Amino acid sequence: MLLATPLLAVLVLVEVTDIVFAVDSIPAIFAVTDEPVLVFTANAFAILGLRAMYFLLADLIHRFVHLTTGLALVLVWVGIKMLLKVDIFYVPTTVSLAVITVLIGGSIALSLRATRGQGRSALQPPADPPFRVATAEEEADLEPVRSSRRPAPVDAAAAPADEEARR
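Throughout the sequence shown, residue numbering follows UniProt numbering, covering 1 to 167 in sequence.
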């Protein structure tokens, strides 16, 4: 008796991945604010928007050549802020958000300026594409598999007799 299809395993894996990414972002949000309601709300929206934003960014990632540098600088800022927060200096939340916005916005602006006019033509095709056309030898090797999956041919003359026998 089949209780679930393999799609259930895929769904569970996707949701576990969402939770891992949400848990991963909790230290970063605590570097910005100490309000538990804000932390919970931000993580809830992150889970909801993570998969939807992926497709948008995947289509534009070739334009964001400086985004990794901007994100690295954000991580440096968060680390410095957490170190300063211990006993030395408290950085207000608005200042922290302004710095993060400037770093990410600046890296995106520089990236778009650097790749202006290039479009998708600037992308180089992969040297080893993920899919290719099978050779004649590979087609011949697959023929036994294909023929075992095809339904047996129906004899046209015998088909009406079978239908009459069923009635």
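Cβ atoms here follow ideal geometry from the backbone N, Cα and C, with glycine treated the same way. In this text the structure is predicted, and so the values were computed from the model without any measurement.
The segment 96–104 makes contact with the segment 68–80; the number of CB pairs closer than 8 Å reaches 3 or more. With distances taken between CA atoms, residue 31 lies nearest to 85 out of 108, 85, 69. The alpha-carbon separation between residue 40 and residue 52 amounts to approximately 19 Å. In the three-state DSSP reduction, residue 60 falls in the helix class (H, G or I).
For residue 21, the secondary structure class from DSSP, reduced to helix, strand or coil, is helix.
Residue 90 carries a coil assignment under DSSP once its states are collapsed to helix, strand and coil. The C-alpha of residue 25 is placed about 14 Å away from the C-alpha of residue 82. When C-beta atoms of the segment 102–115 are compared with those of the segment 55–74, three or more pairs fall below 8 Å, so the two segments count as touching. Collapsing the DSSP output to three states places residue 34 in coil.
Judged by beta-carbon spacing, residue 22 lies beyond the 9 Å limit of residue 61, meaning their Cβ atoms are not closer than that value.
Residue 36 and residue 13 have their C-alpha atoms roughly 27 Å apart. Apart from the 5 residues on each side of it in sequence, residue 15 has no Cβ closer than 8 Å to any other Cβ in its chain.
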